[in-house]
Amino acid sequence: MPHCVIEIANQLSSSVTPDQLLRCVFDAHVKSGLFDTDHIKVRCTGYDHHISGTGSDRFIHATSHIKVGRTAEQKQQLSNLIVQGLIDLGITSASMSAQVVDLAPSYVTFTD
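If you want it as structure tokens, here you go:
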């Protein structure tokens, strides 16, 4: 744990690669000190079709799904680290955001 999903407008593909995003968000999770490195999972998916009330078609949003038990301050710290890492990539004219959410108690995992 955690499972982090990065969503990106495909219009940003000339500004940043999926590998850069994956590494950036992975490193933010490591830097937080909240997780065992071997348990961090990060995925990235791009969108061709989306609407934003701001009129901007350039966005990156990361959602980190974590097990219950972290404090609000720890979650805020992780969100801040993710967004700062995205800012440090030097992407311009884009909305960048992150949220950290607790997994539902019904979450089940199996690894073979």
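Everything in the sequence shown is counted per numbering that gives the first Met the number 0, starting at 0 for the first residue and increasing by one. Ideal placement from N, C-alpha and C gives every residue a C-beta, glycine not left out. Keep in mind it's a predicted model, so treat the numbers as computed, not measured.
For the options M95, S78 and G52, the alpha carbon positioned closest to that of E6 is the one of M95. C-alpha of T62 to C-alpha of P1: approximately 10 Å in a straight line.
When the five nearest sequence neighbours on each side are left out, the beta carbons in the same chain lying within less than 7 Å of the beta carbon of L80 are those of A27, K30 and S31, in order along the chain. Check the Cα spacing between S12 and each of E72, G84 and F58: the tightest is with F58. Excluding sequence positions up to five before and after P17, its CB lies within less than 6 Å of the CB of C43, all in the same chain and listed in chain order. Secondary structure note for R22: it is in no beta strand (DSSP E), and the uninterrupted alpha helix (DSSP H) holding it is P17 to S31. T91 and S14 have their alpha carbons spaced roughly 8 Å apart.
Nearest to A71 by C-alpha distance, out of Q98, L85 and C3, is Q98.
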